[in-house]
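Asks:
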Amino acid sequence: SQQGEEDPQALSIQEGENATMNCSYKTSINNLQWYRQNSGRGLVHLILIRSNEREKHSGRLRVTLDTSKKSSSLLITASRAADTASYFCATASNNNDMRFGAGTRLTVKP
Amino acid sequence: GAVVSQHPSRVICKSGTSVKIECRSLDFQATTMFWYRQFPKKSLMLMATSNEGSKATYEQGVEKDKFLINHASLTLSTLTVTSAHPEDSSFYICSGERGNTEAFFGQGTRLTVV
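Each protein sequence line maps, in turn, to chains D and G.
Under my numbering, the first residue of the first sequence carries the number 197, and numbering increases by one thereafter.
Under my numbering, the first residue of the second sequence carries the number 7, and numbering increases by one thereafter.
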């Protein structure tokens, strides 16, 4: 089965609200990355968090990592309609091979 | 979720030879497929966007004659690394897009050129 499983699969919120997406994985990792994909476009790298880090911020993004629970969360604060996209987490194990989850489809309504 | 099968998962080849990587969408039609490469300890880099029946769109800095992409059908895209060199050693991963809203990733291919 795939490493990195996101939930929820789909999330619909109003502009201005916060969006939280979760990612769980099964094996030990070197780092975990979050990506965004707009329809018809390639992935855009958002943030990387290493296994020895617990939290990282980048603008309106906040990522947490709990290696004891093998889970990560991505929080987008003060969401905008332009944040509408699919969000994927990907885990990199010690050999650096990456595994993707199924993604969360976020819709932000204006 | 839908399945994208990428093959082979690992390949070792000699310098100067060519290697073909296949990406198949098993249970859906992927009008668009994306090819990525991961450099050591880096995030993924988009190499090209492949549309069925048309030429691939390559990202800046990616040599189209070096990395040949063929999207022959709605369920198959191939990436051929031509005249491979050790610096081409990397992790390559594809994804197939379903209905412009969902993307599904292959398992990736670890290429080692010796």
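Each residue gets a CB set at the ideal place from its N, CA and C atoms; glycine is no exception.
For F34 of chain G, decide whether its Cβ has a neighbour in chain B, counting only Cβ atoms nearer than 8 Å.
Replies: Of the protein chains in this structure, namely D and G, none is chain B.
Asks: In three-state DSSP terms, what is D33 of chain G?
Replies: Residue state, collapsed to three classes: coil.
Asks: Report the option in G:G102, G:G112, G:D94, G:C100 whose CA atom is closest to the CA atom of V119 of chain G.
Replies: If we check each option's Cα against that of V119 of chain G, G:D94 comes out closest.
Asks: Chain G partners of L244 of chain D, CB-CB under 8 Å?
Replies: In chain order: S49.
Asks: What residues from chain G crowd round D293 of chain D, counting only those whose CB sits closer than 7 Å?
Replies: Near D293 of chain D (Cβ distances below 7 Å), the residues of chain G are F97, G114, R116.
Asks: Would DSSP call E65 of chain G helix, strand or coil?
Replies: The answer is coil: DSSP assigns E65 of chain G none of H, G, I, E or B.
Asks: When we look at the beta-carbon of S197 of chain D and count the other beta-carbons within 10 Å, is it buried (16 or more) or exposed?
Replies: Any reading at S197 of chain D is ruled out, since the residue's pLDDT is 30, under 50, leaving its predicted position unreliable.
Asks: Three-state secondary structure (DSSP) at E213 of chain D?
Replies: Looking at E213 of chain D - three-state DSSP - the assignment turns out to be coil, as it is neither helix nor strand.
Asks: State the Cα-Cα distance for the pair G59 of chain G and K265 of chain D, rounded to the nearest angstrom.
Replies: Distance between the alpha carbons of G59 of chain G and K265 of chain D is about 45 Å.
Asks: Using the Cα positions of A286 of chain D and S89 of chain G, report the straight-line distance between them to the nearest angstrom.
Replies: So the alpha carbons of these two residues sit roughly 30 Å apart.
Asks: Roughly how many angstroms lie between the CA atoms of F111 of chain G and G212 of chain D, to the nearest whole one?
Replies: C-alpha separation (whole angstroms): 31 Å.
Asks: Starting from F45 of chain G, trace the beta strand (DSSP E) both ways and give me its first and last residue.
Replies: Note, F45 of chain G: premise wrong, no beta strand (DSSP E); not H, not E.
Asks: Report the three-state DSSP secondary structure of E28 of chain G (helix, strand or coil).
Replies: Of the three classes helix, strand and coil, the one that applies to E28 of chain G here is strand, per DSSP.
Asks: Within 10 Å of its beta-carbon, does S79 of chain G have 16 or more other beta-carbons around it, so buried, or fewer, so exposed?
Replies: Under this definition S79 of chain G is an exposed residue.
Asks: Would you give the residue range spanned by the beta strand (DSSP E) that A281 of chain D belongs to?
Replies: That run of the beta strand (DSSP E) goes 281-288.
Asks: Spatial neighbours of Y64 of chain G within its chain, please: CB distance less than 6 Å, with the 5 preceding and 5 following residues excluded, ordered by chain position.
Replies: Within the same chain, Y64 of chain G has close Cβ partners A54, K70.
Asks: What does G299 of chain D reach in chain G if we use C-beta pairs closer than 8 Å?
Replies: Under the 8 Å cutoff, chain G gives E108, A109.
Asks: Can you check DSSP and say which residues form a bridge with M39 of chain G?
Replies: DSSP output for M39 of chain G lists G:S56, G:G102 as bridge partner(s).
Asks: Give me the Cα-Cα distance between G22 of chain G and H91 of chain G, rounded to the nearest whole angstrom.
Replies: For G22 of chain G and H91 of chain G, the distance between alpha carbons rounds to 6 Å.
Asks: Look up A278 of chain D in the DSSP assignment and say whether it is helix, strand or coil.
Replies: Looking at A278 of chain D - three-state DSSP - the assignment turns out to be helix.
Asks: Say whether chain D places a C-beta atom closer than 8 Å to the C-beta of T55 of chain G.
Replies: True, the Cβ-Cβ gap to chain D drops below 8 Å.
Asks: Would you call the CB atoms of L52 of chain G and Q44 of chain G closer than 8 Å?
Replies: No.
Asks: Give me the Cα-Cα distance between P46 of chain G and N227 of chain D, rounded to the nearest whole angstrom.
Replies: The straight-line gap from Cα to Cα measures roughly 12 Å.
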